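Just remember that the working numbering sits 306 ahead of the position in the sequence shown, which is counted from 1.
Here a beta-carbon is modelled for each residue, glycine too, at the ideal position from N, C-alpha and C.
Since we're looking at a predicted model, the values are computed, not measured.
Inspection log for the structure reproduced underneath, given as structure tokens.
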Amino acid sequence: MLILLVVIGLLVVQEMRTSHFQARFFAGLASKASYTLGAGPSPSIRFPQEGPHDERLGYAELPVFLDKLQTREFRIVQQARISEGMAKIVDAGYFAPYAERVQSGLSILDCHNNSLFQERYPKRVYERFDDIAPILVQSLLFIENRQLLDPRYPERNPAVEWDRLANAVLTNARSAITGEGRSPGGSTLATQIEKYRHSSEGRTSSVREKLRQMVSAALRAYQQGEDTSAVRRQIVLSYMNTMPLSAKAGFGEVHGLGDGLWAWYGGDFSKANRLLKTADADAQESDIGQQALLYKQLLSLLISQRRPSYYFDADEAELEQLTDSHLRLLGSAGVIPPALRDAALKAKLNRRADRVPAAPVSFVTQKAANTVRTHLAGLLGGRRLYDLDRLDLAVASTLDAPVQTAVTDLLRELRKPANAKAAGLNGKQLLERGDPAKVVYSFTLYERGAGTNYLRVQTDNFDQPLNINEGTKLDLGSTAKLRTLVTYLDLMANLHRRLSVLDKEQLRALEVDRKDVLTRWAADYFLTAQDKGLSPMLDAALARRYSASTGEGFFTGGGLHRFDNFKREDDGKVMSVRDGLRNSVNLVFIRLMRDIVHHYMFLTPGSSARLLQDASDPRRAAYLARFADREGQVFMRRFLVKYQGKTAQEAQEMLLQNRRPTASRLAAIFRTIAPDASLEQFTAFVKDNLPDGLDPAELRLARLYAQYAPEKMSLADRGYLAGVHPLELWLVGYLRNHPGASQTQVMQASSTERQAVYAWLFSTHRKQAQDQRILGLLEGEGFLEIHRQWARMGYPFDSLVPSYATALGASADRPAALAELMGILVNAGEHKPATRIRSLHFAAATPYETLLQHQPGQVERVLAPEVAQAALAVTRLVVDDGTARRVKQAFVRPDGRTLAVGGKTGTGDQRFDTYGAGGRLIKSRVVNRSATFVFNIDERFFGTLIAYVPGAQAAAYDFTSSLPVHLLKVLAPTLMPLINAGTADAAAPGACVN
């Protein structure tokens, strides 16, 4: 028996040294743990549930990501399949054994599969084991894992060091009994890596968790077979590169010696490697001081790894003292030379006290990448860009990086006066006045594809994070005429569907209100038309003529307004709608917008607008009650769509949009939505929302507070004075106190208000004043119909200014939304989704690998093809012989063919004007100036180009839309490589490939 015990003991000792049987056992298990990439979703994939590494790289959140992406037009085309052996390991609770990468991060490719954006964390790493200074390897092993690289035992299990483990167990036991002393760690480097990468919060919470770490480390070590010599060197390399070292302000999470040296001490990692590789040799006197400081700083990082947050949050003296004690120990053990030890003891760690300085970033050069990153963050549930950049993810975008870069560089160079002059930008209506350096240029270009529109270029020269294309609300001037024209043609298409089937007798009997001139024209057209097709009707509609006279005043938007044309010579003309758009004549479109509004106001026989014309109608009271309730419900539902789910603050901001703020108007609004608010709250609201420079006296505010009290003024009066539909006012106030109210609850609660609003309006004996109020309300309702049509065309905001000036840009727009409208036209009336991202490749070369491809959503027809073609034909006239003539011959094929260009120009001069008695202008404050060209090239490419100057400095400029038109001409040679490369679906050499 004794002999047997001796033999067993000798075998155990031998196994502890050599790990021979462990090697066979774990290598056998690891050899069965594999994975492959297969088509479609995987039936066998297992995702990790926690662990800092798995969370940071996105592996733990992949199930959530994939669920979100599959609801947003992405589908899994390839995914990892793990073997039965790996499935058993993971299901048993161990970490999946595979070769983990040291660096990872977000990468974005352009449409040629060239790099557009690349992040790698950690940023500073050792590429190979041999790159590490031997003195650092020896120091690390002496402190943490002395037997790891012992070459005598090639099969040694790096997951356990038996003498160290035994010492840790005994010390832990003694500490548990006596309650004294700190327990030393018994983990090897391999086990520590498993802990800080995959255990919950990077901690060892129990003996069971420690066992899990050790077994997982062993399985990972024996993946390549029983000989672990190379793997053990790789463990040292991985540990040096990935050890967690807390987080530093201005940098974020710190991992690895390279990033740690920079973040905590401001040290140069390359310089440290170069100097410390000669630390064992006879260093020159000039180098020993630098070597000593860098070595001490790196040693402090190695020591602090077990409690990094504690040591780097504590006073520096504590880590200094601990590092000095290790220096003495390492020196006495002969790990470091005495000279290095002594010099290091004299050096001070000198930890960085301030934030890590951010690397210089040009937001201009990153605009394209940031467009993709922001879109991706939304797809993944609104992640921060900081977290997004650390995901193990490769994105294939639709952007064309060479063209993007060339356009960006050109736009940046045009801020220099000499370059602007060389490009011909210093002429009349261009940059004859003003500093070119302060002009922001923004450019967007899409390519029409099958089922989708591909974003090819999106850039600007604004060196700030703001995306001018999508993140602004700008007065884009006469580009609104294109929206108005499309609305007009779409309205005509609707009349065509309704009236073209009627015979002449039915057309003559048709009841049409005298103010609905568009329905009357359509009926008269079909009485004489030989061809009742839609295209001939649209051609005739475009030939309808309007006066361009400025002599008429227009009661719209709650007041009497007069409008001017850009060119005075147009004032006396009468011209067609077609010519009005080609030459961008304001008064033609003011009158056209009036006809469109009246069409919606007076379209339906028996509507409230028709009924109110006959004051003696005996059915008036019954009709009034019925229509008040029905129409009130219609508008209440529309307002509910607008406001439901919004916070009180969001609803308040939406209500104030497009309202010219005056003290009385703000009083009417606030006393309705917050009737119980105090005078102090009322005062703060009015002052916060008045423009700068307007500060009413406290006495006047107190009078307004009392005057607009709900008990002193009806809801209808307050709505009229506020310039807001009374039911919209009431609803915002109701939802403020009942944020979760359903539609049924709102309808029940508003029954009295719906009747009161309409009944009050119709009860006055002063019919002229009554009609004026009714028409103002109905005009707003007409604009709700127009907004519904604009929204189908991609208009980005929740409401329109209820004024004919909306046809001239008063309701603002966004460049990206205008491009969307042009996209509908070039796609023959179909609204196709825009594609920025073609594919997402998560966790490549891991058991979690997943490749998703974008599948464009459903194409929606929003316009008749004939309407889109008619609108496009007019935009071509704008270029052929209108306000965009400069760009007519700009795009020429190599064979000499000129590509057709169409578009619409617009100039926005946004000012805040203050008027006194009698309409006298007291003050005019410039807000910004913009000039826009929304265009299409060969009906295949389309986009927007905008020139913009923000703030009061815009007063120094007088450029018009001629500026972006000329700039597109300047850009044409830069864009031709993309345009000549072939279509998105039949690529020629040089075309996009992904």
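With a threshold of 6 Å on Cβ separation, who are the neighbours of residue i within its own chain once the five nearest residues in sequence on each side are excluded?
i	result
residue 1028	971, 974, 975
residue 862	1109, 1110
residue 509	none
residue 1290	With a pLDDT of only 45 at residue 1290, under 50, the local geometry of the prediction cannot be trusted, and no value is derived from it.
residue 327	321
residue 948	1104
residue 719	725
residue 529	336, 403
residue 1254	746, 1236
Helix, strand or coil, according to DSSP, for residue i in the structure here?
i	result
residue 436	helix
residue 1236	strand
residue 490	Low per-residue confidence applies at residue 490: pLDDT is 49, beneath 50, and the placement is therefore not dependable enough to give any value.
residue 1159	strand
residue 860	strand
residue 1164	coil
residue 351	coil
residue 642	coil
residue 1253	strand
residue 727	helix
residue 988	helix
residue 680	helix
residue 1119	strand
residue 659	coil
residue 1034	helix
residue 1223	Note that residue 1223 has pLDDT 46, beneath the 50 cutoff, so the model's placement of it is unreliable and no number is given.
residue 1149	coil
residue 1209	strand
residue 764	strand
residue 1058	helix
residue 1044	coil
If you measure from the beta carbon of residue i to each beta carbon in chain C, is any gap under 8 Å?
i	result
residue 733	The structure shown contains no chain C; it holds only a single protein chain.
Below 8 Å on the Cβ atoms is my guess for residue i versus residue j; work out the distance and round it to an integer in Å.
i	j	result
residue 345	residue 357	29 Å between Cβ atoms; not a contact.
residue 1311	residue 338	The chain is shown only over 307 to 1300; residue 1311 falls outside these bounds and no answer can be derived.
residue 1063	residue 938	7 Å
residue 844	residue 1172	6 Å
residue 1380	residue 767	In this structure the chain extends from 307 to 1300, so residue 1380 is not present and cannot be described.
residue 408	residue 548	6 Å
residue 543	residue 435	5 Å
residue 1089	residue 940	Incorrect: roughly 15 Å between the Cβ atoms, too far for contact.
residue 1202	residue 1182	About 20 Å separates the two Cβ atoms, so there is no contact after all.
residue 1127	residue 788	7 Å
residue 449	residue 608	6 Å
residue 778	residue 763	Not quite, the Cβ-Cβ distance comes to about 18 Å (not below 8 Å), so this is no contact.
residue 1112	residue 890	Not confirmed; about 15 Å, so no contact.
If I measure Cβ to Cβ from residue i and keep anything under 8 Å in the same chain, skipping five residues before and after, which residues do I get?
i	result
residue 260	Residue 260 falls outside the range modelled here, since the chain spans only 307 to 1300, and no answer is possible.
residue 564	428, 429, 430, 431, 432, 547, 575
residue 370	687
Starting from the C-beta of residue i, find all residues in its chain whose C-beta is less than 7 Å away, skip the five residues before and the five after it, and write them out in chain order.
i	result
residue 1105	963, 964, 1093
residue 496	464, 465, 523, 527, 541
residue 849	882, 884
Q | Inter-stretch contact (C-beta, 8 Å, three-pair minimum) for the segment 701–710 and the segment 412–425 | A | yes
Q. Within the chosen definition, does the segment 1191–1204 reach the segment 1266–1274 through at least 3 CB pairs nearer than 8 Å?
A. yes
Q: Tell me the start and end of each unbroken beta strand (DSSP E) in the segment 364–451 that is at least 3 residues and wholly inside, in chain order.
A: 380–388, 413–415, 421–424
Q.
Check whether the segment 1139–1146 and the segment 895–905 touch, using three or more Cβ-Cβ pairs below 8 Å as the test.
A. no
Q: Count the CB pairs spanning the segment 721–730 and the segment 434–442 that are closer than 8 Å, and state whether there are at least three.
A: no
Q.
Three or more C-beta pairs under 8 Å: does that hold for the segment 814–831 against the segment 1157–1174?
A. no
Q) Just checking, does the segment 656–666 make contact with the segment 629–636 on the three C-beta pairs under 8 Å criterion? A) no
Q. At which residue ranges does the segment 829–888 contain complete beta strand (DSSP E) runs of 3 or more residues, listed in the order of the chain?
A. 851–853, 860–862, 865–867, 880–882
Q: Kindly confirm or deny that the segment 1025–1045 and the segment 1001–1013 touch, where touching means at least three C-beta pairs closer than 8 Å.
A: no
(Q) Does the structure place the segment 458–470 close enough to the segment 536–543 that three or more beta carbon pairs sit under 8 Å? (A) yes
Q) Is the segment 1252–1267 touching the segment 1276–1283 in the sense that three or more CB pairs, one from each, lie closer than 8 Å? A) no
**Q.** the segment 879–886 / the segment 839–853 touching (three or more Cβ pairs under 8 Å)
**A.** yes
Q | Sequence ranges, alpha helix (DSSP H) only - wholly within the segment 482–559, length at least 4 | A | 495–504, 513–527, 535–548
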